[in-house]
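What follows is a short report on a single structure.
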Amino acid sequence: MLSHSSHEYSNLPATTAGTFTMTEDLTVTRMGYGAMQLAGPYVFGPPADRNAAVSILREAVALGITHIDTADAYGPHITNQIIKEALHPYPDSLHIVTKVGSVRDAEGGWPPARAPHQLRQAVHDNLKNLGLDTLDVVNLRVGGLQGPTPGSIAEPFTVLAQLQREGLIKHLGLSNVNAEQIAEAQSIAPIVCVQNFYNLAHRGDDDLIDSLAAQGIAYVPFFPLGGFSPLQSDKLRSVATRLNTTPMAVALAWLLQRSPNILLIPGTSSVAHLRENISGATLTLSEDDLTNLNSIVS
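Mapping of the sequence shown onto numbering that gives the first Met the number 0: position 112 corresponds to residue 111, and the numbering continues sequentially without gaps.
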């Protein structure tokens, strides 16, 4: 049910945006899916409708998505368990990217968890709840709610590099980091992706994206519509209206056209919204559209 021949796969909607090869054994669709919203409110506890969550994941794969982003802290544990229920045994084409570095407390907070024993436990929890022997990609999540926090990440990244040597992780990445931390990590082990806050209105990582593109490293922006002012949202909406589509689809299309190493992981708990998001992969923005949209930058 979840596998497709190569011919069928090439004609699925999510493939319209093309693919990106992170490394020899890891090629994903540039249009992916972020699983955060499959848990309950505030990413805590179970969803109101578990069957609906299962259906969204199956629809994402049926539409051709081969990149699912998750974390065992979502729920906690619940999102990964839903992914396993919906998609295991996983099709060969599907790649699940997870992250470690924070946990959930009893109040629903996200305290850091980057001590060696915490990282090792997080990797084993991901393996167990996803039903895997090896994780395709594990991102070390650093920083805080306001963005990257300067400082060395050598100790926690070295732990993940050791788990990679033990065969529990295939590839490593980083999340919520600055350029110095990326360079430090690369002195320890190769990375295949970076996840940071970036969108049409918040473009502080422009230089970093170009640097990573030159190295063949994927850049995965989160919050594609996060932090827009009302005025910026109005500008985006006007372009979407002219193109007869949604603001989200336009924002995603802009990201796809920004750089070939950008991968998208929009999340939703609605099949209808999933399809709308994927429609962003079919949009080609004109030079006039891009000029109007680029004026949104904060």
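Just so it is clear, CB atoms sit at the ideal spot from N, CA and C, and this is done for glycine as well.
**Request:** Please classify Ser101: is it buried, with 16 or more other beta-carbons within 10 angstroms of its beta-carbon, or exposed?
**Result:** buried
**Message:** Just list the residues that DSSP pairs Leu307 with in beta bridges.
**Reply:** Outside the modelled stretch of the chain, which goes from 0 to 297, sits residue 307, for which no answer is possible.
**Request:** With a 10 Å radius around its C-beta and 16 neighbouring C-beta atoms as the bar for buried, classify Phe222 as buried or exposed.
**Result:** exposed
**Item:** Rounded C-alpha distance that separates Ala280 from Asn293
**Value:** 19 Å
**Prompt:** Can you name the residues that DSSP bridges to Asn125?
**Reply:** According to DSSP, which records beta bridges pairwise, Asn125 is partnered with nothing at all.
**Request:** Report the residue from Ile295, Leu282, Arg274 whose alpha carbon sits nearest the alpha carbon of Ala59.
**Result:** Arg274
**Prompt:** Does the segment 226–237 come close enough to the segment 182–191 that 3 or more CB-CB pairs lie under 8 Å?
**Reply:** Contact fails: fewer than three Cβ-Cβ distances are below 8 Å.
**Item:** Burial state of Ser285 (16 or more Cβ within 10 Å)
**Value:** If you draw a 10 Å sphere on the C-beta of Ser285, you find fewer than 16 other C-beta atoms in it, and that means exposed.
**Request:** Label Val122 either buried or exposed according to how many other C-beta atoms from any shown protein chain fall within 10 Å of its C-beta, with 16 as the threshold for buried.
**Result:** buried
**Prompt:** So, using beta-carbon positions, are Val298 and Ile55 closer together than 8 Å?
**Reply:** A question about residue 298 goes unanswered here, because the residues of the chain that appear run from 0 up to 297.
**Request:** Could you tell me which of Pro88, Leu11, Gly17, Ile95 sits nearest to Met35, measuring between CA atoms?
**Result:** Ile95
**Asked** Starting from Arg140 and walking both ways along the alpha helix (DSSP H), at which residues does that stretch end?
**Response** Here Arg140 belongs to no alpha helix (DSSP H); instead the beta strand (DSSP E) covers 134–140.
**Request:** For Tyr218, name the three-state secondary structure that DSSP assigns.
**Result:** Judged by DSSP in its simplified three-state form, Tyr218 adopts strand.
**Request:** Compute the distance between the beta-carbons of Ser174 and Asn128, then report whether it is under 8 Å.
**Result:** no
**Request:** State whether the segment 255–265 contacts the segment 22–36, with contact taken as three or more CB pairs (one from each stretch) at a distance under 8 Å.
**Result:** yes
**Prompt:** According to DSSP, is Gln256 helix, strand or coil?
**Reply:** helix
**Request:** Over the uninterrupted alpha helix (DSSP H) stretch that includes Ser278, give me the two end residues.
**Result:** 270–278
**Asked** When the Cα of Asn243 is compared with those of Gln256, Ser278, Gly226, which residue comes out closest?
**Response** Ser278
**Prompt:** For Phe19, which residues does DSSP report across the bridge?
**Reply:** According to DSSP, which records beta bridges pairwise, Phe19 is partnered with Val27.
**Prompt:** With a CB to CB cut of under 6 Å and the five nearest residues on each side skipped, what residues in its chain are close to Leu1?
**Reply:** Residue placement at Leu1 is flagged as unreliable, the pLDDT there being 39, under the threshold of 50; a coordinate-derived value is accordingly withheld.
**Message:** Extract the residue ranges of the beta strand (DSSP E) inside the segment 36–113, only unbroken runs of 3 or more that lie entirely within it.
**Reply:** 66–68, 94–99
**Message:** For a test of the three-state rule: what should DSSP assign to Ser174, helix, strand or coil?
**Reply:** strand
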